[in-house]
Amino acid sequence: MPDSSSRFAFIRGDVAALAIVLAILVLLVGVAPRAFHVATRQAASPTVTGTVVRVVEEHSEPSERGQQRIRTLEVAVGDHVVTVEEATADGDVSLVPPQPGDGVLVQSTPGPDGQPAYYIVDHLRTRTLWLITALFAALVVFVGRWYGIRSLLSLAVTYLLLMRFIIPAILSGYSPLLVSVVGGIGIMASTLVLAHGVDRKSGAAIGGTALALVLIVTLSQVAIIAAKLTGLVGNDEASTVFVLFGGAIDARGLLLSGILIGALGALDDVTMTQASAVFELRDANPSLHRRALYQRGMRIGRDHIASIVNTLVLAYAGASMPLLVILASQTEGVGTLLNREFLASEVVRTAVGSIGIVAAVPLTTAIAAMLAAGQTSNAAPVRLTPPEA
Numbered sequence: 000m001p002d003s004s005s006r007f008a009f010i011r012g013d014v015a016a017l018a019i020v021l022a023i024l025v026l027l028v029g030v031a032p033r034a035f036h037v038a039t040r041q042a043a044s045p046t047v048t049g050t051v052v053r054v055v056e057e058h059s060e061p062s063e064r065g066q067q068r069i070r071t072l073e074v075a076v077g078d079h080v081v082t083v084e085e086a087t088a089d090g091d092v093s094l095v096p097p098q099p100g101d102g103v104l105v106q107s108t109p110g111p112d113g114q115p116a117y118y119i120v121d122h123l124r125t126r127t128l129w130l131i132t133a134l135f136a137a138l139v140v141f142v143g144r145w146y147g148i149r150s151l152l153s154l155a156v157t158y159l160l161l162m163r164f165i166i167p168a169i170l171s172g173y174s175p176l177l178v179s180v181v182g183g184i185g186i187m188a189s190t191l192v193l194a195h196g197v198d199r200k201s202g203a204a205i206g207g208t209a210l211a212l213v214l215i216v217t218l219s220q221v222a223i224i225a226a227k228l229t230g231l232v233g234n235d236e237a238s239t240v241f242v243l244f245g246g247a248i249d250a251r252g253l254l255l256s257g258i259l260i261g262a263l264g265a266l267d268d269v270t271m272t273q274a275s276a277v278f279e280l281r282d283a284n285p286s287l288h289r290r291a292l293y294q295r296g297m298r299i300g301r302d303h304i305a306s307i308v309n310t311l312v313l314a315y316a317g318a319s320m321p322l323l324v325i326l327a328s329q330t331e332g333v334g335t336l337l338n339r340e341f342l343a344s345e346v347v348r349t350a351v352g353s354i355g356i357v358a359a360v361p362l363t364t365a366i367a368a369m370l371a372a373g374q375t376s377n378a379a380p381v382r383l384t385p386p387e388a
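Okay, so the sequence shown: first residue is 0 according to numbering that gives the first Met the number 0, each after it adds one.
Next up, the structure:
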């Protein structure tokens, strides 16, 4: 049966956590965007959803690039049924041929006779994406219970800060690096507080993450300048942004921003794990002093480092699998390939992010040892954990 002090601590932790998160959201999502002047580009024609009714005709005919397949489809768009003609070169696998009943995205352009000509731009995947997302959320709540709900709330906050602060600020012409640092700190603080509560353990994790972010930012800038990376070569998305906005958005800054944001998720995991380990050691043996806590915490941390380094490399390799396939087919030597900017950028991204994450282990352990050693044995931590009935 919990006493009144533990219940009060829980309520106080709830209020403190919500106050911190609300303050971050009000400042970064509510107030800051008023200064933004987002540069947007109007699409050439609106995109609408439709459903393929039937395949009217399908045949092959010669073209300048060889044989091509011509398909005439009837697509229901709103209350109308429109005719869409598709021309696909033999062997082109960029779009799975739509079949009757498939949802599609449709655009229109003025035809030669002045009437709109419709064409399919992609498949409609909304239902599949929602189902996968719902399955993910249900599994998180089923396995994590109260912690799972809090992690989903922190994920929602991350989405808000990315889409309502970081991206609009970059589109408004602000420095991608500065915006990502401010937004990253907001994401870090709010998600750690929501997911793990308000106590010294969270404070240690936030401190370790902040120091690791400073290291990542510093190393990223030094590495990008030293390696003379532009952020454009071999990066089609960054090149498109640069062209669309006339160079108003700094490509190097985008590269730095990507390194920083990409490391945040792993930093959250590493720092919270280390902080938890140190405080558990303190709870198990209150007589442990700061140095002993640090040494024992680092033994756990070294095991964590041994596993996470391989995890990080595999994660980056998985995201760059098409690039690795291209590299394997080249006849150039490894030394020459490593000097190509498109590959050098990936090496810098992987190495700098990994350095920051590995450095977060001793940094967080040191902060946690200092805070845990100064915690009295009868002090009730303020956490977002429901007291037992």
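Every residue gets a Cβ at the ideal spot worked out from N, C-alpha and C, and that includes glycine.
No experiment lies behind these values; they were computed from the predicted model shown.
With a cutoff of 8 Å on beta-carbon distance, V221 and S189 are scored as not near each other. Residue pairing by DSSP places G49 opposite V103 in a beta bridge. Per the Cβ contact rule, the region 349-364 is not in contact with the region 185-199 (fewer than 3 Cβ pairs under 8 Å).
Under a 10 Å Cβ-count criterion, M187 is classified as buried, with 16 or more other Cβ atoms of the shown protein chains found around its own Cβ. The Cβ-Cβ distance between V346 and L228 does not fall below 8 Å.
Contact annotation: T48 and L128 have beta-carbon atoms that are not nearer than 8 Å. Residue pairing by DSSP places S59 opposite R68 in a beta bridge. Between T217 and the set G252, S201, I205, R199, the nearest pair of CA atoms involves G252.
Note: Y117 is bridge-paired with V83, S107 in the DSSP secondary-structure output. In this chain, the alpha helix (DSSP H) harbouring E345 covers 340-372. Taking a cut-off of 8 Å on C-beta distances, the region 294-306 touches the region 275-285, as three or more cross pairs fall below it. Beta bridge pairing from DSSP links H122 with V103. Per the coordinates, the alpha-carbon of R301 lies some 18 Å from the alpha-carbon of A203. Contact between T87 and T71 is absent: CB atoms are separated by about 12 Å, not below the 8 Å threshold.
Between T272 and V312, the C-beta gap is not smaller than 8 Å, which leaves the two residues out of contact. Contact between A343 and A225 is absent: CB atoms are separated by about 11 Å, not below the 8 Å threshold.
Counting C-beta pairs with one atom in each stretch, the region 253-270 and the region 177-187 have three or more that are closer than 8 Å, which means they touch. Sequence-distant partners of V52 (beyond 5 residues in either direction) whose C-beta falls short of 8 Å from its own C-beta, in its chain, are L72, E73, V74, A75, V80, P99. In the displayed model, V197 falls within coil according to three-state DSSP, outside both helix and strand. A direct Cα-Cα distance of roughly 15 Å separates I304 from T208. Secondary structure note for N309: its alpha helix (DSSP H) is the uninterrupted segment 289-318.
Looking at the DSSP output, E73 sits in a beta bridge with R53, T82.
Pairing H288 with A372 gives a Cβ-Cβ distance under 8 Å. CA-to-CA, the gap between A136 and I215 works out to about 31 Å. Relative to L322, the option among N309, S306, R339 whose CA is nearest is R339. S62 counts as exposed, since fewer than 16 other C-beta atoms from the protein chains shown sit within 10 angstroms of its C-beta. Nearest to T46 by C-alpha distance, out of S319, E56, Q106, E60, is Q106. Linking L134 to Y146 through their CA atoms gives a straight-line distance of about 17 Å.
If you look at D268, you'll find it in the alpha helix (DSSP H) that goes 250-283. Apart from the 5 residues on each side of it in sequence, S319 sits with its Cβ closer than 7 Å to the Cβ of E345 in its chain, given in chain order.
Comparing C-alpha distances from G352 to each of S256, V139, G77 shows the shortest one belongs to S256. Boundaries of the alpha helix (DSSP H) harbouring T157: 145-160, taken from the DSSP string. Rounded to whole angstroms, the Cβ separation of K200 and A250 is 39 Å, and the two are not in contact under 8 Å.
No residue range can be given for I165, since it is assigned to no alpha helix (DSSP H) and is classified by DSSP as neither H nor E.
The Cβ neighbour count for F141, taken over all protein chains shown within 10 Å, is under 16; the residue is labelled exposed. Rounded to whole angstroms, the Cβ separation of H122 and P97 is 7 Å, and the two are in contact under 8 Å.
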